[in-house]
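See the structure below:
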């Protein structure tokens, strides 16, 4: 099969994957909450959160690619207000996290089945409120999809698929890390310490994005 010279498949896919994985695995609000979901000891709830966040990010990448010109024109006008709203929501999440009730993680914490779909919904909802997701998506589309769109219509589709997989791996790693911590989080004091530490990380992430 002859590949277009302007879109060498394997090298481009490797660079796409590296870029997407760096964006997905570096600390940020989505990963802080993934760690918290993993630390609760509920595997399916954590998996649904990771899946929701990953699908949501892939949709952001797709939207950026399909409406790049309109978005780049609108962003300067709305960026300040959108950033303020996102920061306010994330700071509210940090406050809720710092005040989260403590309990023994895992199935022994209660006899009722956990509410799973709210975890998926939170994963879907957190990405559009995460400025880091928009910045990485815009950068990825500008570097990989738009230059190749004329000669390779599948470039955006490939970028969306790679972004989805990278997010599953990157955010999933944080959920796994939280799962590893469940054995350590056997006392209410340690759970409270983790909640406050994650809340502080969330605040630091917000301040870093506002700087």
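Residue numbers (the numbering used here): 259 to 469. Note that the Cβ used here is the ideal one computed from N, Cα and C, for glycine as well.
Residue i versus residue j - alpha carbon distance
i: residue 284; j: residue 313; result: 18 Å
i: residue 311; j: residue 296; result: 14 Å
i: residue 356; j: residue 413; result: 42 Å
i: residue 280; j: residue 437; result: 22 Å
i: residue 271; j: residue 401; result: 12 Å
i: residue 302; j: residue 292; result: 12 Å
i: residue 430; j: residue 462; result: 21 Å
Run of the alpha helix (DSSP H) containing residue i, from where it starts to where it stops
i: residue 253; result: The shown model of the chain, from 259 to 469, leaves out residue 253, and the question about it has no answer.
i: residue 441; result: Unbroken run through residue 441: none, as it is neither H nor E.
i: residue 378; result: 375-384
i: residue 389; result: 389-398
Proximity of residue i and residue j at Cβ, strictly below 8 Å
i: residue 457; j: residue 275; result: no
i: residue 345; j: residue 464; result: yes
i: residue 443; j: residue 452; result: yes
i: residue 391; j: residue 304; result: no
i: residue 378; j: residue 309; result: yes
i: residue 324; j: residue 381; result: no
i: residue 282; j: residue 427; result: yes
Chain-order list of residues whose beta-carbon lies under 6 Å from that of residue i (same chain, five-residue window excluded)
i: residue 395; result: 318, 319, 322
Beta-carbon contacts of residue i that lie in its chain and below 8 Å, excluding the five residues immediately before and after
i: residue 316; result: 418, 419, 421, 422, 425
Contacts around residue i, its chain only, beta-carbon distance under 7 Å, and the 5 residues preceding and following it disregarded
i: residue 358; result: 453
Residue i at chain D interface by Cβ criterion, 8 Å
i: residue 281; result: Absent here is chain D; the protein component of the structure consists of one chain.
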